[in-house]
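S.K.: So the protein lines, in turn, are chains D and V.
The first sequence begins at 1 in UniProt numbering and counts up one residue at a time.
The second sequence begins at 1 in UniProt numbering and counts up one residue at a time.
Provided herewith is a single structure, encoded as structure tokens, for subsequent inquiry.
There are 2 protein chains.
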Amino acid sequence: MLESYFQNCMFFASNLLNRAITKMAEEEFKPTGLSPTYAFMMMAVQEQPGITQKELGKALHVTPSTITRFIEKLAYKGLVITRSEGKMSRVELTTLGIERMEVIREAWKSLFRRYVAILGKEEGRNMTKMLYDLGKQLED
Amino acid sequence: MLESYFQNCMFFASNLLNRAITKMAEEEFKPTGLSPTYAFMMMAVQEQPGITQKELGKALHVTPSTITRFIEKLAYKGLVITRSEGKMSRVELTTLGIERMEVIREAWKSLFRRYVAILGKEEGRNMTKMLYDLGKQLED
DNA sequence: TATTGTTGTTTGTGCATGCAAATGTATTTC
DNA sequence: GAAATACATTTGCATGCACAAACAACAATA
């Protein structure tokens, strides 16, 4: 059958998984009014106020251009402000942004709970670690 | 540190991995002139000539709209033709398409070899299966 | 201090992909 | 057999994201 034909291709399998988890994440983050990556960006900024865009990119594994635009949008929504310092631009949360963090944290937990409900706590943790390590191994 | 803060989120880990393997796949499929998903579509069509777009979507786990557009593009490149049969549209390879399959198969093997070189054969297979099963579990 | 190189950010552009609504075709029901 | 329903495809629209080139600030060197 056709499906089994692709089953043993890692690109294919990873795509499948990624679409599934992304969909889940999008649903869970819906109450925050942000899509997951934006929300993670907010968390990173809260965790390290005044963080540089470069650092953000490193932390979230996204490209500088993506960071620029995401931050732009978050700023437009009034959730962060940037202050440019020499050639770099530092980001922090606004009070509105800080307020919003509550829902975001909650959504994060929900996402976690949701896949743990399917996989079990142990398995969820293991799989996550595995994915992370695998990703690290494959990226140069 | 910030990175470790996100390491145990599955959405995050899956994204990391997916970007890594996608990049790899794109590189390996470059000689085919197609990006990986198009190439897989070609393979699926070859495997089951006259396949319906619905079936294609099922096999590749992509949305009907995506299929429509991909097929459109492949048809535009002269690699497939579609013949509409009632409400559905069947796809098959053109001779040009069939010729192209050689490079595609080769690229597919290269991709495989490439991650096997990093992970080992056994591990590569295991990981792929794991990803696939995980994806299946998480998608409803 | 003018030049050259390095590094962080931004902008232009392009693509994969999904969702929701529209369209066209088949099937059922009355 | 006309109307309603179901199903496959297409279209309109939006979004996330990357790459490459441009830009801006800083550092080093001659």
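Just so it is clear, CB atoms sit at the ideal spot from N, CA and C, and this is done for glycine as well.
1) Take L67 (chain D) as the anchor and find which of D:G78, D:K77, D:R100 and D:T52 has the nearest alpha-carbon.
2) Between the stretch 83-93 of chain V and the stretch 40-59 of chain V, are three or more C-beta pairs nearer than 8 Å?
3) Would you identify the three-state DSSP class for L138 (chain D), choosing helix, strand or coil?
4) Alpha carbon to alpha carbon, what distance is there between R19 (chain V) and T32 (chain V)?
5) What in chain V is Cβ-close to G135 (chain D), meaning under 9 Å?
6) Sort out for me which residues DSSP pairs I51 (chain V) with in a bridge.
7) Do you know how far the Cα of Y38 (chain V) is from the Cα of E85 (chain V)?
8) Output yes if chain D places a C-beta closer than 8 Å to the C-beta of T128 (chain V); else output no.
9) Between V103 (chain D) and the rest of its own chain, which residues show a CB-CB distance below 7 Å, the 5 nearest in sequence each way excluded?
10) Rank V:L79, V:R83, V:Q7 and V:M42 by C-alpha distance to the C-alpha of T94 (chain V) and give the top, closest one.
11) When you compare each of D:A107, D:L111, D:Q137 and D:L74 to L96 (chain D) by their alpha carbons, which one comes out closest?
12) Kindly indicate if chain D contains any beta-carbon less than 8 Å away from that of G97 (chain V).
13) Within 8 Å of any Cβ in chain V, is that where the Cβ of Y115 (chain D) sits?
14) Closest to E55 (chain V) by CA distance: which of D:E27, D:K121 and D:M1 is it?
15) In whole angstroms, what is the alpha-carbon distance linking A25 (chain D) and F11 (chain V)?
16) Assuming T128 (chain D) contacts A13 (chain V) under a Cβ cut-off of 8 Å, what Cβ separation, rounded to an integer in Å, is found between them?
17) Would you check whether the ligand COA has a heavy atom nearer than 7 Å to the C-beta of Y5 (chain D)?
18) Whole-angstrom Cβ separation of F70 (chain V) and M41 (chain V), contact assumed at under 8 Å?
19) In this structure, what does DSSP give as the bridge partners for T82 (chain D)?
20) On the DSSP letters alone, give me the boundaries of the alpha helix (DSSP H) that K73 (chain V) sits inside.
21) Listing by chain order, which chain V residues have their CB less than 9 Å from the CB of F40 (chain D)?
22) From L134 (chain D) to S35 (chain D), what distance separates their C-alpha atoms?
23) Please list the partners that G124 (chain D) has in chain V, where partner means a Cβ-to-Cβ separation under 8 Å.
M.R.: Taking the coordinates as given:
1) Rather than Leu, the amino acid found at residue 67 (chain D) in this sequence is Ile. Comparing Cα positions, the closest option is D:T52.
2) yes
3) helix
4) 20 Å
5) A13, S14, N15, L16, L17, N18, R19, A20 and I21
6) V:V91
7) 23 Å
8) yes
9) P31 and T32
10) V:L79
11) D:L74
12) no
13) yes
14) D:M1
15) 7 Å
16) 5 Å
17) Of ligands this structure carries none, so the ligand COA is not represented either.
18) 6 Å
19) D:V91
20) P64 to Y76
21) F6, C9, F11 and F12
22) 25 Å
23) M10
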